[in-house]
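First residue of the sequence shown? That's 1006 in our numbering, and the numbers climb one at a time after it. Ideal Cβ placement from N, Cα and C applies to all residues, glycine included. Below: the structure, in structure tokens.
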Amino acid sequence: MTRSTTGAQGAAGEQGAAGEQGAAGAKGVPAEREIVYCASAEDWHVWLRQNAGSSDGIRLAIAKKGGAHDGVSYAEALDEALCVGWIDGQKNRLDEHHFLQNFGPRRARSIWSQINRDKALAFIESGRMQPAGLAEVERAKADGRWERAYAGSKTIEVPDDLASALLQNPDAAAFFETLSSVNRYAILFRIGSVKRAETRARKITQYVQMLERGETLHP
1006 MTRSTTGAQG AAGEQGAAGE QGAAGAKGVP AEREIVYCAS AEDWHVWLRQ NAGSSDGIRL
1066 AIAKKGGAHD GVSYAEALDE ALCVGWIDGQ KNRLDEHHFL QNFGPRRARS IWSQINRDKA
1126 LAFIESGRMQ PAGLAEVERA KADGRWERAY AGSKTIEVPD DLASALLQNP DAAAFFETLS
1186 SVNRYAILFR IGSVKRAETR ARKITQYVQM LERGETLHP
């Protein structure tokens, strides 16, 4: 069973972990975006097949883990979304039993995570990927976003050019080693997302200088 409602509820809630859209700096979503409730992953699957091609995006109500309410899980929702060319965005509060997870069509410049890239390949191999999802994969391959897919916070590594710059600045290197996982990933993600070599070099210089001063991107 699927039902939906439109309104501002949850739109002003606190922002949680964002997916690829959030990692790419996606802006907030309209407060009037439709809220969709799905009783199961199959219901979400059906809703996407019927609406993904005409919708600009929705907020999916997902039951909190350990609660009394069932429904589609975040992982199930994301997998289904990837198959139709959609992706997750901001997470917002709804009520004591559910949170709202934004889903919508992948934007033209939306970067891919390595995790979602690997998922997409598996969906293609198994025949689960839909034409709209395959089209997003082909677009990403054509414009280079596929090759630039970013690593997750648990697997991302310090690139050679940043490591070299840190070796030349012991104070910055020492402070870098003290960073929280959030601040470490923030630097590595921003460097890895840059396309132009000169821009990348400039950012590395800026971050090394920031580290030398003992400053961080996040409190």
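Of all the beta strand (DSSP E) runs that stay within the bounds of the segment 1066-1122, which reach a length of 3 or more residues?
-> Counting only runs of 3 or more, we get 1091-1098 and 1103-1110.
Cβ-based neighbour list, Arg1218, same chain, cut-off 6 Å, excluding 5 preceding and 5 following | Within the same chain, Arg1218 has no close Cβ partners at all.
So, using beta-carbon positions, are Leu1184 and Thr1160 closer together than 8 Å?
-> A distance of 8 Å or more separates the beta carbons of Leu1184 and Thr1160.
Alpha carbon to alpha carbon, how far is Ala1145 from Asp1123? Give it in angstroms, no decimals.
-> Using only the alpha carbons, I get a separation of about 13 Å.
Where DSSP assigns a beta bridge to Glu1217, which residues make up the other side?
-> According to DSSP, Glu1217 bridges with nothing at all.
If we count the other Cβ atoms within 10 Å of its Cβ and call it buried at 16 or more, is Leu1126 buried or exposed?
-> Exposed, since its Cβ has fewer than 16 Cβ neighbours within 10 Å.
Gly1058: buried (16+ other C-beta within 10 angstroms of its C-beta) or exposed?
-> Exposed, by the Cβ-count rule.
Could you please give the first and the last residue of the uninterrupted beta strand (DSSP E) stretch that includes Ile1040?
-> Glu1039 to Cys1043 is the extent of the beta strand (DSSP E) around Ile1040.
Measuring alpha carbon to alpha carbon, tell me which of Gln1055, Asp1075 and His1050 ends up nearest His1102.
-> Here the closest residue by C-alpha is Asp1075.
Helix, strand or coil at Arg1195 according to DSSP, with G and I counted as helix = Arg1195 sits in a helix when the DSSP states are folded into three classes.
When the Cα of Gly1062 is compared with those of Lys1070, Trp1052 and Ala1068, which residue comes out closest?
-> For Gly1062, the nearest C-alpha among the options comes from Trp1052.
Since I believe Leu1099 is in contact with Ala1066 (beta carbons under 8 Å), could you give me their beta-carbon distance rounded to a whole number of angstroms?
-> Yes, they are in contact, since the Cβ atoms of Ala1066 and Leu1099 sit about 6 Å apart, within 8 Å.
For Ile1209, which three-state DSSP category applies?
-> DSSP places Ile1209 in helix when its eight states are reduced to three.
Can you tell which of His1050, Ser1060 and Arg1054 has its C-alpha closest to the C-alpha of Tyr1079?
-> The candidate whose alpha carbon is nearest that of Tyr1079 is His1050.
What separation, rounded to the nearest whole angstrom, lies between the Cα atoms of Asn1188 and Ala1082?
-> Distance between the alpha carbons of Asn1188 and Ala1082: 28 Å.
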